[in-house]
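Written below as structure tokens is the structure these notes are about.
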Amino acid sequence: MPECPELHLAGRYINEACGGLVFEGGVQRSAVGRGPEVPFSSEAYRVTAASRGKELRLTLAPLGPGPSQALVFRFGMSGSFRLCEAASPPRHAHLRFFTRESPPRALCFVDPRRFGTWRLGEDWQPDRGPCVLLEYPAFRENVLTNLEDKAFDKPICEALLNQKYFNGIGNYLRAEILYRAKIPPFEKARTVLEALKHQEQNSSLTLSKKLKLKRDNPDLLELCHKVPMEVVAADKNLFDPSDSDNYAAFKNWLQCYLVPGMSSLRDRNNRTIWFQGEPGPMAPKGQKPHKKHAHLKADPEEAPTPTVTTRASKRRSGGAEKPPKPAVKEEEEKAVPDGSRKGRARGKKKVAAAPTLSEPDAPVRAKRNRTSTRRGRGEAGDFWSEGMVKGIRASRVLQDIARHPLTFCLLVSLPTFQVQPLQCEFCTLPSTHLSLWKRVTPPLLWRHAGLGCLVLL
DNA sequence: CGTCCACGTCTAC
DNA sequence: TAGACCTGGACGG
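Counting in our numbering, the first sequence runs from 58 upward without gaps.
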């Protein structure tokens, strides 16, 4: 399920599962893996991960002297990471990193369809934009300052898959986002986005009213951040590789994509767009929106209501659905995995030689004990109340919110506060994200309403 | 058994 | 703007 939430959760999985492990030896690549051999070997090294949009970077760092090796992965349609017994890796494990344990384990890049790949070096693919999940302000700015680009001549549903502007959005997210924004998928992208530029000044409201408005009516670009954030912050980890039962939870989270009663059409790239209501002015002709899609064995008793399904009615079958994942086979890794290799030999990929990149990056992990303010579902609760807001330099904050209407962050100033490099420990927001706020005022509290986490800085 | 479909890029007419 | 690149699950006959 690789869109940005899955990439991000894969990174979290790697950091949690491998954080305390020592790896050793070389990196093993399957005969049919898409990516290059990894010229790295070490007596003892650690593995860490970071994500950006639909890319995931692994860093192999020797415990002793010696250079680190970085790899940047794309997951294609079916990629994932998994830590398992080295002796019995899953099928289609195309890259393996071995731990230095007694029965060794292997961190595996697993990818049945092999559309995924990896490159050597630490650089993100240069023509992909900022991450919708982790670089929200930069993402928003990148879109709103480039609206003359012909990428925005297209219908919004197609523009949303353009990774130059929407790095991390994929087919299920675009459906979920447009559905919540109540925007017809084939409305022209520029029309939709131009409107966001102007609706940002909305004076004569109190701060808390504005915040509430923002929270209750997130615009399209905010939803590009907020919707994937929900997946990442879900109580039940919707994509925990070690819990195969959670696919049902994911299905249940979906409000539009694959949901019975919703309409669907093929866009100009022949990708299925799911939506509700009118398709919009740029809809391809000669295709009748086809509804239903009954072959979701997840909801057996679904009444065949011909009426337009409403929000309430489509919350199908509550938790009653059973996970549609039947087989847990995938074992019996045949010794010669894909000997066939019929048509077309593996094309020679021009491996972009990683040019040096300075990137001060190196985020200091400012560990804190998180005061667990876990609330369900992005609910801000009384945090937004007038009382809490008192004492902020409201004008500055408002000004900033107007420029970067981030519904999820709010800052409280404390005059004598020394700013330090830090990250939100929950979601590993990069320090670049924070710097935007540092310019306003030193933050004391930084809260992601979408995550329900409160971070003391 | 065969057909259709899938969470994504790429490049070749 | 088609395809190519792949495996595998769901579904129909």
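Ideal placement from N, C-alpha and C gives every residue a C-beta, glycine not left out.
Reduced DSSP category for residue i - H, G, I as helix; E, B as strand; rest coil
i	result
C313	coil
T366	Any reading at T366 must be qualified, since the residue scores a pLDDT of 32, below 50, and its modelled position is unreliable; the value itself is stated next. Correct three-state label for T366: coil.
R247	helix
Test item: CB-CB of residue i and residue j under 8 Å
i	j	result
Q220	G110	yes
V284	E205	no
A101	G68	no
G186	N228	no
A252	A216	no
S98	G76	no
G19	G133	Because residue 19 is not part of the residues shown, which for the chain are 58 to 514, the question remains open.
R114	A143	no
F80	F196	no
R237	L280	yes
S137	V167	yes
I226	V189	yes
T178	V129	This sequence places Gly at residue 178; Thr is not what is there. Contact flag set, yes.
L191	G90	no
H282	Y222	no
E112	R86	no
Range of the contiguous alpha helix (DSSP H) that encloses residue i
i	result
A290	L277 to A290
V84	Taken as a continuous stretch (DSSP letters only), V84 belongs to no alpha helix (DSSP H), being part of the beta strand (DSSP E) at F80 to R86.
S265	L264 to D273
R69	C61 to C75
Rounded separation between residue i and residue j - CA only
i	j	result
H255	Q126	45 Å
G334	N294	31 Å
H65	P242	26 Å
P341	L230	21 Å
P62	M286	7 Å
D292	K308	15 Å
C165	R139	5 Å
T116	A290	24 Å
P169	S145	16 Å
P147	L120	28 Å
Q182	T263	42 Å
R176	K271	40 Å
H352	L235	Only weak support is given to the placement of H352: the predicted model assigns it a pLDDT of 38, under 50, and the value that follows is read from those uncertain coordinates. Computed Cα separation, rounded: 24 Å.
N199	F332	26 Å
P336	I213	11 Å
P160	C141	11 Å
P96	P124	12 Å
R157	R323	49 Å
K207	K269	34 Å
S265	W310	29 Å
Endpoints, beta strand (DSSP E) assigned at residue i
i	result
Y102	S98 to R109
I234	Where I234 is concerned, there is no enclosing beta strand (DSSP E), although the alpha helix (DSSP H) it sits in stretches over N228 to A238.
T116	E112 to P119
F332	T329 to F332
A127	Q126 to R131
R323	S320 to R323
Unbroken alpha helix (DSSP H) runs of length 4 or more, entirely within the region 143-212: which are they?
193-201
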